[in-house]
Amino acid sequence: MARKYDCYLFDFDGTVADTGEGIRRSVAYSLEKLGCAALPDQALSRFIGPPLHDSYVEYCGMTDEQAEAAVAAYRERYVEIGLYESRLYPGMAALLRALHRSGAWVAIASAKPTFMLERLAERFGIAGYLNAISGTGLDRHSADKRDLILAALPEGADLSRAAMVGDRRFDIEAARALGMAAVGADYGYSVPGELRQAGANAVFDGVEEMSEWLLGEKPRGLFISLEGSDGCGKSTQIALLKEYLEKRGFEAVLTREPGGCPISERIREVILSLDSKGMSAECEALLYAASRIEHVREVIEPALNCGKIVICDRFLDSSIAYQAYGRELGEDFIRQINAPTIRRVLPDRTLLLTVDRSESRRRMAEGRAPLDRLELEKEDFFARVAAGYDRLARAEGDRVTVIDASRTIGEVFEDVKAAIAELL
Ligand code: TYD
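Its first residue numbered 0, the sequence shown is counted upward by one per residue in numbering that gives the first Met the number 0.
Dropping the structure here:
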């Protein structure tokens with residue numbers, strides 16, 4: 000990937016994460032504890048970003064001593080509760096991942112205490128993307144942003160090849176003073192015009208546009224497909240995976256084949272309906288291929304192009320297992336009719352959930368849904384499908400991870416997470 004800069008530094012509050020709620024509530028708590036007049040929400044928001052001590056002095060007219068007591072009261076609540084009243088901005092995890100993967104130096108430079116930044120980075124699952132976390136010690140009243148930035152950079156860094164991203168004028172001014180590119184995150188806690196006035200080289204309303212500018216291209220998302228015989232528990236694992244990725248700050252799009260968009264869902268009805276009994280194997284394979292290319296163009300590619308993670312319930316490998324092997328049409332024919340898809344996109348990782356046929360039948364019988372046309376096939380068909388999946392897993396071991404799905408939901412999910420960990 001082309002890289003615009005060698006080092007990318009990020010402020011934390013209001014830039015990487017929306018931490019406002021926890022901060023506002025904790026400032027309000029400290030003022031109440033000290034018997035000071037309460038502040039409206041807007042005034043509380045001004046505490047987000049700059050060193051706390053300075054804000055108590057500036058916005059509440061406190062003496063140094065009073066401000067110290069206020070910071071102590073604030074921390075009482077913040078460390079236990081407020082820290083966790085926060086979330087990553089959508090798209091931020093994908094941006095940090097892309098920067099890290101490009102080989103750039105990625106770091107946090109924030110006036111927040113370092114141990115809190117470390118805790119939050121772990122909690123949000125972004126610690127692995129960061130080369131350094133530069134915050135303050137607990138005893139420091141205030142810190143010059145320039146010092147925080149310098150501490151976040153590798154030794155001998157070329158400042159003209161470094162960018163600082165922040166949502167307050169302090170971030171922008173410090174970056175400019177050091178000769179770095181200064182990038183304004185206007186989605187954070189700045190007041191209108193603040194970042195441009197401070198001299199930001201570029202200002203963005205959202206992480207998506209900012210990512211494109213920082214990377215020099217759109218961050219590409221991640222394409223994960225799940226495969227397996229009917230009744231292997233894919234749907235349960237897919238739902239868990241989506242929840243897990245979203246907790247880690249990724250935007251996950253869940254979709255399925257055949258289907259996933261209006262035209263392909265209509266094709267799905269034709270393929271799976273019992274009214275289609277007697278459909279030729281070739282027609283079936285072509286319909287799957289037709290629904291797939293539409294789905295790729297309408298849903299999968301657009302999501303990947305804006306850095307989202309696509310989790311797809313079945314993809315091309317199903318056609319290999321079911322049509323090439325189950326229907327005995329051969330791999331060449333299936334790859335040929337799926338060429339329009341193959342030319343555009345293939346999964347980065349495929350999780351193949353396996354259960355033996357008796358377990359899969361038991362699970363399907365337990366399910367309340369009536370069986371569709373494919374599920375009513377004979378046993379030798381499913382044996383060929385299983386053999387097809389087997390071959391695929393052996394031929395494409397780098398992409399396809401086989402997971403024994405006959406265990407408990409929790410055990411299987413541990414393996415699902417492990418299989419995608421390296422990609423994240
Ligand atoms: P679905 O109800 O989605 O099955 P499951 O819950 O097991 O995923 O139905 C999809 C059926 O279509 C399933 O039996 C597998 C089959 N199929 C193919 O034969 N070829 C394909 O390319 C795809 C995507 C699915």
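Glycine included, every Cβ here is placed at the ideal spot set by N, Cα and C.
- Exclusion of the five residues before and after F249 leaves A92, A93 and I308 as the residues of its chain whose Cβ lies within less than 7 angstroms of its Cβ.
- V384 sits in a helix when the DSSP states are folded into three classes.
- Relative to ligand 1, G409 has its C-beta separated by 8 angstroms or more from all heavy atoms.
- Annotation: A131 to E121 spans about 13 angstroms, alpha carbon to alpha carbon.
- Under DSSP, the beta-bridge partners assigned to Y7 are V105 and A162.
- Nearest neighbour of G19 by Cα position, chosen from L375, S44, D63 and A27, turns out to be S44.
- A contact is defined here as three or more CB-CB pairs under 8 angstroms, and the region 215–231 meets this definition with respect to the region 287–307.
- Burial check for G187: the Cβ neighbour count within 10 Å reaches 16 or more, so the residue is buried.
- Taken through DSSP and simplified to helix, strand or coil, I308 comes out as strand.
- In this structure, the alpha-carbon of T14 lies about 11 angstroms from that of L8.
- Cα atoms of S29 and A68: separation of roughly 9 angstroms, rounded to the nearest angstrom.
- Distances between the C-beta of G325 and the heavy atoms of ligand 1 include at least one below 8 angstroms.
- Two segments are said to touch when three or more pairs of C-beta atoms, one from each, lie closer than 8 angstroms; by this definition the region 54–65 does not touch the region 110–127.
- Taking 4 residues as the minimum length, the alpha helix (DSSP H) runs contained wholly in the region 164–250 are 168–177, 193–196, 206–214 and 233–246, in order along the chain.
- In the DSSP assignment, D63 falls within the alpha helix (DSSP H) that extends over D63 to E79.
- Annotation for V411: the continuous alpha helix (DSSP H) segment containing it runs I408 to A420.
- Proximity of the beta carbon of K377 to ligand 1 is not indicated: no heavy atom of the ligand is located closer than 8 angstroms.
- Burial state of D316 is buried, judged by a 10 Å Cβ sphere holding 16 or more other Cβ atoms.
- DSSP places R255 in the strand class (E or B) of the three-state scheme.
- In this structure, I319 keeps its C-beta atom at 9 angstroms or more from the C-beta atom of S290.
- Shortest gap from the CB of Q322 to any heavy atom of ligand 1: under 8 angstroms.
- For E358, the closest of Y388, I270, V70 and S405 by C-alpha to C-alpha distance is S405.
- The C-beta distance from G387 to Y324 rounds to 3 angstroms, short enough to fall under 8 angstroms.
- For T135, the uninterrupted beta strand (DSSP E) segment begins and ends at A131 to T135.
- With fewer than 16 other beta carbons inside 10 angstroms of its own, E327 counts as exposed.
- Counting along the chain, V269 sits inside the alpha helix (DSSP H) bounded by residues P261 to L271.
- If you check the CB distance, F11 and I107 come in under 9 angstroms.
- Apart from sequence neighbours up to five positions away, the residues of its chain that approach A16 with a beta-carbon distance below 6 angstroms are S85 and L87, ordered along the chain.
- With fewer than 16 other Cβ atoms from the protein chains shown falling within 10 Å of its own Cβ, L137 counts as exposed.
- Going by beta carbons, A392 and R356 fall outside the 9 angstroms limit.
- Counting along the chain, I333 sits inside no beta strand (DSSP E); it lies in the alpha helix (DSSP H) bounded by residues E330 to I336.
- D185 counts as buried, since at least 16 other C-beta atoms from the protein chains shown sit within 10 angstroms of its C-beta.
- Distances from the CB of I266 to the heavy atoms of ligand 1 are all 8 angstroms or more.
- Excluding five sequence positions before and after L253, the CB atoms of its chain that fall closer than 7 angstroms to its own CB belong to I237, K241 and I310, given in chain order.
- The beta carbon of D5 sits closer than 8 angstroms to those of A103, W104, A156, D157, R160 and A161, all from its chain and outside the five residues before and after it, given in chain order.
- Burial of K233 is indicated by the presence of at least 16 other C-beta atoms within 10 angstroms of its C-beta.
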